[in-house]
Amino acid sequence: MNASRIALVTGANQGLGRALVEGLAARMDPNDLVLLTGRNAQRVADAAREVTGLPGTRARVEGRVLDVTDTDAIARLAEEVRDRFAGADVVVSNAVARLLPDESQAERADEFIDVSNVATHAVLRSFGPVLRPGGRLLVVASSLGTLGHLSPRLHHLFDGASLDQVQYAVESWRSALHHGTAQEAGWPVWLNVPSKVAQVAAVRAVAAERREHDLATGTLIAAVCPGMVDTATSRPWFSDYSQAQSPAQAAEAVLDLIFTDGVDPALYGELVRFGKALPWHGGTPPVEQDRMLTP
Numbered sequence: 002m003n004a005s006r007i008a009l010v011t012g013a014n015q016g017l018g019r020a021l022v023e024g025l026a027a028r029m030d031p032n033d034l035v036l037l038t039g040r041n042a043q044r045v046a047d048a049a050r051e052v053t054g055l056p057g058t059r060a061r062v063e064g065r066v067l068d069v070t071d072t073d074a075i076a077r078l079a080e081e082v083r084d085r086f087a088g089a090d091v092v093v094s095n096a097v098a099r100l101l102p103d104e105s106q107a108e109r110a111d112e113f114i115d116v117s118n119v120a121t122h123a124v125l126r127s128f129g130p131v132l133r134p135g136g137r138l139l140v141v142a143s144s145l146g147t148l149g150h151l152s153p154r155l156h157h158l159f160d161g162a163s164l165d166q167v168q169y170a171v172e173s174w175r176s177a178l179h180h181g182t183a184q185e186a187g188w189p190v191w192l193n194v195p196s197k198v199a200q201v202a203a204v205r206a207v208a209a210e211r212r213e214h215d216l217a218t219g220t221l222i223a224a225v226c227p228g229m230v231d232t233a234t235s236r237p238w239f240s241d242y243s244q245a246q247s248p249a250q251a252a253e254a255v256l257d258l259i260f261t262d263g264v265d266p267a268l269y270g271e272l273v274r275f276g277k278a279l280p281w282h283g284g285t286p287p288v289e290q291d292r293m294l295t296p
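If you read the sequence shown in the numbering used here, its first letter stands for residue 2, the second for the next number, and so on.
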């Protein structure tokens, strides 16, 4: 990566996003900059100040207010990064909408899709072009993001799809949810499954277009699965947290992927978990009555 590197993390006020900012700031150099983003100005300012004051922090940390549901705001931030810094070296799309087990999946669908999917598409479209050679553009997903977790009836919507086609599939799913026809069409009740599959499919779509050039320049675009993480978002879904990682522990594998020299072609454009690619066609459709989060 270049000197005076620029990194950016969305959804970085707390949890895994905050841990990734802390790890980046600790591993990067004093002339590098980490942009910590979130939608609440006070929380962003507080988090940036706190990370700056940590003993292990070496790089500069600045806060940026960013509501990832505002695709124009994502585009403007990418333009700022391009114009002010001549591009970014690390971009991690991490924002997620919190959903509790006792909440209606259908009623929360719009917010969930906007934060997890529409925002992912916008980050890929806006920051892909400003990613410096040798950079890293990662989307935080989960092991539920493999195609086999969806009904075979839906595979054609995502397998080999372009980014435009992935976006169309997501909006078709949203429409089916609004009209009460989603289950009839084969969509699972639990939002997290099609959302994660669509995130990984979006990454695969962008990576397919860029693969040759990116591999030649040591640039990585991938989805990442951090495993089970003890956060406010995930804790309500588990009865046993004995195997859960802290956000700092979960961030380590992602940070290792970011800072590894060169790019393993087997990981490019894939869903990566602990340094290994998960098979795109793997997984089985969930049993709805269980509805438990799989790390």
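C-beta: ideal position from N, C-alpha, C; glycine also.
Supposed contact pair residue j and residue i - C-beta distance, whole angstroms, cut 8 angstroms
i    : j    : result
H150 : P286 : 6 angstroms
G1   : T38  : The chain is shown from 2 up to 296; residue 1 falls before or after that span and cannot be answered.
G9   : L36  : It is Leu, not Gly, that sits at residue 9 in the sequence shown. Right, their Cβ atoms sit about 4 angstroms apart.
D90  : R19  : Not quite, the Cβ-Cβ distance comes to about 20 angstroms (not below 8 angstroms), so this is no contact.
A254 : A267 : 16 angstroms between Cβ atoms; not a contact.
Three-state secondary structure (DSSP) of residue i
i    : result
G24  : helix
S94  : strand
R83  : helix
Q246 : strand
E172 : helix
G18  : helix
R44  : helix
R274 : strand
V167 : helix
V69  : coil
V190 : coil
V255 : helix
P286 : coil
V230 : strand
Start and end residues, beta strand (DSSP E) containing residue i
i    : result
P134 : L132 to V141
V207 : Here V207 belongs to no beta strand (DSSP E); instead the alpha helix (DSSP H) covers N193 to T218.
A278 : K277 to L279
R65  : R61 to V66
A223 : L221 to C226
A8   : I7 to V10
L36  : L34 to G39
Cβ-based neighbour list, residue i, same chain, cut-off 7 angstroms, excluding 5 preceding and 5 following
i    : result
A203 : T121, H122, L125, L164 and V167
R83  : V131
V194 : L145, H150, L151 and P287
F159 : L148, V167, A170, V198, A199 and A202
S247 : D231
Residue from the options with nearest C-alpha to residue i
i    : options                  : result
A49  : T58, V230 and G64        : G64
V97  : R59, L17 and Y169        : L17
T70  : Q106, F113 and P189      : F113
G146 : L78, L192, V119 and T261 : L192
V198 : G283, P266 and D262      : G283
A13  : N95, R61, R28 and V91    : N95
R99  : S117, V273, F86 and V93  : S117
V22  : E80, V273, L256 and A183 : L256
Beta-carbon contacts of residue i that lie in its chain and below 8 angstroms, excluding the five residues immediately before and after
i    : result
Y269 : A208, R212, D215, L216, L221, I222 and A223
F260 : R28
Where the alpha helix (DSSP H) through residue i begins and ends
i    : result
A110 : A110 to I114
R126 : A120 to F128
Contacting residues, own chain, Cβ-Cβ under 6 angstroms from residue i (five flanking each side not counted)
i    : result
T53  : V62
D115 : T70
V141 : N95 and V225
G57  : A27
Residue i CB to nearest heavy atom of the ligand ADP below 8 angstroms
i    : result
L256 : As far as ligands go, the structure on display features none, and thus does not contain the ligand ADP.
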